[in-house]
Amino acid sequence: MLPKRSRRAAGRKACQDDRKEAGDDWLSAENWAIPPTDDDFHPSTDPFGPWVSGRPVVLEKKVEFIMADRSLVHVAFYAALIAALGLVPPVAIAFLGGVPITAQTLGVMLAGVMLGPIRGALAVLLFLFLVALGLPFLSGGRGGLGVFMGPSVGFLIGWPVGALVAGWIMQSTRELNILLAAAISAAVGGILVVYAIGIPCVAIMAGLSLPKAALGSAVFVPGDLLKVALTAIIVQTVARGLPGAVLSRS
Amino acid sequence: MMSVYLQGNSWAHRLPAGLKLLAIAVASLLLLQYTSFRVLLPALAAVLLCYASLGRDGLAQLKLLRAMSLLLAALLALHWISGSLLEGVTIILRLAIMILAANFVSVTTRMDDMLNAVQPLFKPLEIFGFSPRKPALGVALVLRFAPYMLVVFAQLREAWQARTGTRNSWRLLAPFAIQSLSMSDHVAEALKARGGSQGLSR
Chain A
4 MLPKRSRRAA GRKACQDDRK EAGDDWLSAE NWAIPPTDDD FHPSTDPFGP
54 WVSGRPVVLE KKVEFIMADR SLVHVAFYAA LIAALGLVPP VAIAFLGGVP
104 ITAQTLGVML AGVMLGPIRG ALAVLLFLFL VALGLPFLSG GRGGLGVFMG
154 PSVGFLIGWP VGALVAGWIM QSTRELNILL AAAISAAVGG ILVVYAIGIP
204 CVAIMAGLSL PKAALGSAVF VPGDLLKVAL TAIIVQTVAR GLPGAVLSRS
Chain B
19 MMSVYLQGNS WAHRLPAGLK LLAIAVASLL LLQYTSFRVL LPALAAVLLC
69 YASLGRDGLA QLKLLRAMSL LLAALLALHW ISGSLLEGVT IILRLAIMIL
119 AANFVSVTTR MDDMLNAVQP LFKPLEIFGF SPRKPALGVA LVLRFAPYML
169 VVFAQLREAW QARTGTRNSW RLLAPFAIQS LSMSDHVAEA LKARGGSQGL
219 SR
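Quick note, the sequences are listed as chains A and B, same order.
Note that our numbering has the first sequence beginning at 4, numbered continuously upward.
Note that our numbering has the second sequence beginning at 19, numbered continuously upward.
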């Protein structure tokens, strides 16, 4: 008679062999394309998952698709947020020189900071795709292919890149206080990167010199700083109320 | 449907969407080569003729220029300051032509035709395991989410107004963010319960 411990090990081995023969070897690591996280099996998101039903049915492909679908919904959510913010009428704030401020880039900053680099950029691209299809989602009710021919097209190109950079900074500053990290990410991604792409495009499309184009764009910077502050506050609030929703950090 | 599309059955509406998109891409690239009035003025006339051929509703679409006028005027002013007024006029003329021409395609093409026309462009992404149906599903989700968010915000604002008497507050942002985010979680679950985006392919 073997000692108790070895008998258990032998029993486990026999069970595994049985499963392999039955083609039901779900536990072995090669069946998981993406290692499942706790979130995948949490009762609230996966009521019929293995932890509840007792017998796992989640195989490689299914896990992959489920995660992709969740991501797709998140991407669509932030694209819709950018669109909804475009419908908010522009506000002219007196102490900022009366330049009208639109809420739209707030959505771009939020998408990058909340979703992380890839999904954030995809959200902005999906939004731009809808605009190109002819939906009047840009602030002021603009839409259609015409806006991609205008002088401000560089800012539209800069948005997904800005969201990418913002998400990347947010992801790589995990140890930092979330309010500060969100503010830095939104400022660098949402202002620095967007203007670095937008201003040269204005210069080319409108045939102006770079300083002149920068001068014309600079009036919008104070409004953008306001949006950076709003982004930081919103991200911190959401991190408190729904920590799982700050996907760039979870 | 909220879209810049204009209902109609003109010659431009009947052209296939892919052809129109290709034509506008080629025309824009060609137009970028020229800055002389001899090319730009006939081009402007051609574009205006296109709009005129759609009838009165078509000409009403030119209001797009009024929305652009502030931006174009600012650009002209910047040119004037730097002493290149004539160059500024040609460049703004060219911009206006390109914007109007591209808008003409949007005005005369239904959104689903446009979506079908660009769908093949996503085909190569299949190699990376990306379903070309995903962008279409994403578009549908955005179209449903955007109005829903406005409803959520309107409800919150009404509740705020009833309790405080003031109209708007930044304090509404937090409940709005959390309510609409949890809505997106419900949608993700509902999508999964119906077999996910793969369930659509059958």
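We put the CB at the ideal spot given by N, CA and C, even for glycine.
All of these numbers come straight from a predicted model, not from anything done at the bench.
- For Phe140/A, a Cβ of chain B is located within less than 9 Å of the residue's own Cβ.
- Under the DSSP definition of a beta bridge, Arg145/A partners with Leu141/A.
- Phe194/B and Ala43/B have their C-alpha atoms spaced approximately 41 Å apart.
- Neighbours of Asn121/B across chain A, judged by C-beta separation under 7 Å: Gly147, Leu148 and Gly149.
- Ranking Leu139/B, Ser198/B, Phe146/B and Lys141/B by CA distance to the CA of Arg162/B puts Ser198/B first.
- Across the segment 36–55 of chain B, CB contacts with chain A closer than 7 Å involve Ile42 and Ser46, in sequence order along the chain.
- Under the criterion of beta carbons closer than 8 Å, Ala126/A and Leu118/A qualify as touching, at roughly 6 Å.
- Straight-line spacing of the CA atoms in Leu190/B and Ser54/B works out to 54 Å.
- Ranking Ile145/B, Ile117/B, Val157/B and Ala119/B by CA distance to the CA of Met129/B puts Val157/B first.
- By the rule that beta-carbons nearer than 9 Å mark a contact, Pro150/B does not touch chain A.
- Under a criterion of Cβ atoms nearer than 9 Å, the residues of chain A adjacent to Leu191/B are, in order, Leu233, Ile236, Ile237 and Thr240.
- Around the beta carbon of Trp29/B, fewer than 16 other beta carbons sit within 10 angstroms, so the residue counts as exposed.
- Close to chain B, meaning a Cβ-Cβ distance shorter than 7 Å, is no residue of the segment 167–178 of chain A at all.
- Phe146/B counts as exposed, since fewer than 16 other C-beta atoms from the protein chains shown sit within 10 angstroms of its C-beta.
- Residue environment analysis places Arg145/A among the buried positions, since at least 16 neighbouring C-beta atoms fall within 10 angstroms of its C-beta.
- In this structure, Leu113/B places its C-beta atom within 9 Å of the C-beta atom of Gly153/A.
- Going by C-alpha positions, Val111/A is about 15 Å away from Val160/B.
- Pro139/A counts as buried, since no fewer than 16 other beta carbons sit within 10 angstroms of its beta carbon.
- In this structure, Gly170/A places its C-beta atom within 9 Å of the C-beta atom of Val116/A.
- Under the 10 Å beta carbon count, Thr184/B is surrounded by fewer than 16 other beta carbons and is classified as exposed.
- Look at Leu182/A: its C-beta is not under 9 Å from any C-beta on chain B.
- In the DSSP assignment, Thr108/B falls within the alpha helix (DSSP H) that extends over Leu103 to Thr126.
- Taking C-beta atoms under 8 Å as the contact rule, Met167/B and Ala83/A qualify, at a distance of about 6 Å.
- Under the DSSP assignment, Pro225/A falls in the alpha helix (DSSP H) whose first and last residues are Val224 to Gly244.
- Measuring C-alpha to C-alpha distances from Ala209/A to each of Leu24/B, Leu111/B, Leu80/B and Phe171/B identifies Leu111/B as the nearest.
- About 7 Å separates the beta carbons of Phe151/A and Ala120/B, which is inside the 8 Å limit, making them a contact pair.
- The closest CA to that of Ser202/B, considering only Ala177/B, Ala164/B, Pro60/B and Ala92/B, is found on Ala164/B.
- Non-local C-beta neighbours of Val78/A in its own chain, meaning closer than 8 Å and more than five positions away in sequence, comprise Leu118, Arg122, Leu125, Ala126 and Leu129, ordered along the chain.
- Leaving aside the five residues that flank Pro150/B on each side, the residues in its chain whose CB is nearer than 7 Å to its CB run, in chain order, Gln137, Phe140, Lys141, Leu143 and Glu144.
- Using a Cβ-Cβ distance cut-off of 8 Å, the segment 227–241 of chain A and the segment 177–192 of chain A are in contact, since at least three pairs of beta carbons, one from each stretch, lie closer than that value.
- In the structure shown, the three-state DSSP call for Phe148/B is coil.
- Listed along the chain, the chain B residues whose CB falls inside 7 Å of the CB of Leu84/A are Met167.
- Taken in chain order, the members of the segment 207–228 of chain A whose beta-carbon sits within less than 9 Å of a beta-carbon on chain B are Met208, Ala209, Gly210, Leu211, Ser212, Lys215, Ala216, Leu218 and Gly219.
- Per DSSP, reduced to three states, the secondary structure at Asn134/B is helical.
- Scanning chain B for C-beta atoms nearer than 8 Å to the C-beta of Met152/A yields Ser46, Leu113, Met116, Ile117, Ala119 and Ala120, reported in chain order.
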